[in-house]
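Written below as structure tokens is the structure these notes are about.
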Amino acid sequence: MEFLIKAAQLLMSLSILVILHELGHFIPAKLFKTRVEKFYLFFDPWFSVVKKKIGDTEYGIGWLPLGGYVKISGMIDESMDKEQMQKPAEPWEFRAKPAWQRLIIMLGGVTVNLLLGVFIYSMVLFTWGDTYLPNKNVVDGVVCSDFAKEIGFQDGDKIITVDAEEIERFSDIFQDMVLRDESFVVVVERDDDFIDISIGDNFIKDWKNSGKKLLFSPAVIVEIGGYTDIDNAEKAGLLKGDILLSVGDVETKYFDELRVELQNHKSKTVEISVLRNDTKLVFPVEVSAEGMIGFANSSRLDFSIKQFGLLSSFPAGYNLAMNKLGGYISQFALIFNSDNDLAGELGGFGAIGSMFPSVWDWRSFWSLTAFLSLMLAFMNLLPIPALDGGHVVFLLYEIAVGKPAPDKVMEYAQGVGMILLLGLLVFANGNDIIKLF
């Protein structure tokens with residue numbers, strides 16, 4: 055069921071993005087009186103699931119859900135229709151239009167994806183607001199992963215700066231540390247002292263090899279604030295205001311530690327020590343079969359919530375989109391540094407699908423759709439033949455020199471580009487399959 059929910063979200067998201075991307079090409083083509091022969095969601099080698107011709111255009115849905123396309127008359131594209139290109143240009147063909155019109159047609163898809171990403175993020179902020187944990191509110195410091203401890207961090211550290219930049223949002227710490235090629239310094243506050251922790255080059259490689267676990271989680275002191283239906287804590291004598299210190303012989307100062315340790319004592323009675331009015335007390339407490347003792351933690355993280363009106367949501371949505379796009383470009387750039395050893399981390403549709411939650415959540419769905427829209431815009435703008443960016447390069451060349459590149463050159467470039475894209479598709483989705491085993 056979890057797989058089906060993720061797959062349905064992926065299919066719906068990609069369908070929205072593909073249709074709107076292709077409309078970005080279709081609409082300016084029609085405005086410039088250029089004939090569009092086909093408009094397809096998904097690819098249709100050999101046969102179509104659905105198709106209907108309206109005017110000069112055949113609209114349809116293919117059976118191969120790897121994207122979609124519009125076939126524009128008189129254009130060297132993935133259809134490789136050489137026969138049409140050998141005939142004299144007709145007024146309604148792409149090649150007969152001025153270079154500036156062709157440039158607008160080719161940039162239409164990327165433009166739509168960029169605007170769509172900004173629009174969706176704006177509507178997400180308008181509908182749900184922006185909830186985040188300010189780094190300054192992590193008053194008890196962090197709980198470190200084993201890898202974080204190996205490189206010099208300790209539980210209770212407060213992260214102050216990364217590479218001399220102050221951290222506003224706690225969630226930014228991970229990205230600010232991992233998305234770097236060169237060495238940097240993290241300043242932490244520990245026992246009222248400020249300590250520099252030096253991180254070496256290619257940190258992302260070390261993090262990847264360590265198991266790709268989250269570096270830090272906010273430390274939350276465990277203080278009993280009330281009781282739940284499982285009243286074992288109350289029966290054992292634990293009172294509101296008690297601060298939990300340990301489970302058995304294991305110190306559990308923070309909530310994450312307590313949760314893990316209670317799982318080791320399911321359906322058992324274990325001694326739990328607490329601090330009450332500066333006095334340490336020990337109580338035998340029965341742990342349920344689910345690993346719980348039945349209390350509500352009164353120590354809560356103080357999240358900030360920003361609400362946005364309709365107009366104010368658009369500049370906020372634009373800033374969020376640019377931040378997400380910048381982060382993605384930084385990740386993409388890291389792949390090309392062989393020292394980072396990230397080729398195996400390239401993922402295909404399986405990796406994208408795994409980003410969606412296992413339950414249908416509209417906020418997550420639209421946030422991921424906005425991110426994928428920005429990702430699609432960037433990838434399509436890469437100067438690779440067979441992508442929009444490749445066509446744009448040839449058009450800019452034509453505008454600069456005053457004449458188009460030879461058809462043969464464009465045909466060969468298109469063929470090479472298709473081979474590159476198919477190879478990348480096989481490699482990325484192959485990585486997904488390998489990771490399953």
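Under my numbering, the first residue of the sequence shown is numbered 55, with each subsequent residue one higher. Think of the CB as a built atom: it goes at the ideal place given N, C-alpha and C, for glycine as much as any other residue.
Short Cβ contact (8 Å threshold) for residue i with residue j
i    : j    : result
D213 : V239 : The question names Asp, yet the displayed sequence has Ile at residue 213. Contact: no.
S67  : L422 : yes
P437 : Q468 : no
A370 : G171 : no
S352 : E277 : yes
A431 : N191 : no
P82  : F96  : no
G122 : I73  : yes
L400 : F481 : yes
V178 : A424 : yes
K106 : S199 : no
I275 : V301 : no
K87  : W146 : yes
G279 : A350 : yes
V336 : V324 : no
G402 : L479 : yes
F173 : L364 : no
Three-state secondary structure assigned by DSSP to residue i
i    : result
G279 : strand
L329 : strand
S67  : helix
G114 : strand
K212 : strand
I406 : helix
T306 : coil
K267 : coil
S237 : coil
G295 : coil
P369 : helix
I438 : coil
E144 : coil
L355 : coil
E311 : helix
P411 : coil
L400 : coil
P272 : strand
K289 : helix
A459 : coil
G162 : helix
K259 : helix
M464 : helix
V192 : coil
7 Å CB neighbourhood of residue i in its chain, flanking five on each side removed
i    : result
N256 : D235, D393 and N394
V232 : F257, I258 and W261
M429 : Y382
A202 : L269 and F270
Y186 : R223, S225, F357 and S358
G407 : K60, A61 and L64
V103 : I115, G116 and W117
K360 : G183 and D184
Terminal residues of the beta strand (DSSP E) in which residue i lies
i    : result
K92  : V90 to F97
D442 : Taken as a continuous stretch (DSSP letters only), D442 belongs to no beta strand (DSSP E), being part of the alpha helix (DSSP H) at D442 to V455.
N351 : F349 to N351
V104 : V104 to I108
Spatial neighbours of residue i in its chain, beta-carbon cut-off 6 Å, leaving aside the 5 residues before and after
i    : result
V124 : E76, H79, F80, V90 and F93
E288 : Y281
A273 : D194, G195, V196, V197 and Y308
R149 : G128 and A143
F419 : Q63
Cβ shell of residue i (< 8 Å), same chain only, five flanking positions each side left out
i    : result
I221 : N189, I213, I214, T215, I227 and D230
L449 : A153, R156, L157 and M160
S342 : I284, N286, K320, S321 and G348
V446 : L157, M160, L161, L435 and P437
G471 : I438, P439, A440, L441 and G444
L388 : L233, D235, I258, N394 and L396
Beta-bridge partners of residue i, as assigned by DSSP
i    : result
D184 : K360
E220 : T215
D247 : R244
E340 : T323
V301 : V304 and I326
Y123 : Y94
L475 : Answer by DSSP bridge pairing: none, since L475 is not bridged.
I253 : F238
L335 : V328
Bounding residues of the alpha helix (DSSP H) (the contiguous stretch that carries residue i)
i    : result
V197 : Note, V197: premise wrong, no alpha helix (DSSP H); beta strand (DSSP E) at V196 to C198.
F207 : Element bounds for F207: n/a, residue is neither H nor E.
I284 : Taken as a continuous stretch (DSSP letters only), I284 belongs to no alpha helix (DSSP H), as it is neither H nor E.
M231 : D226 to V232
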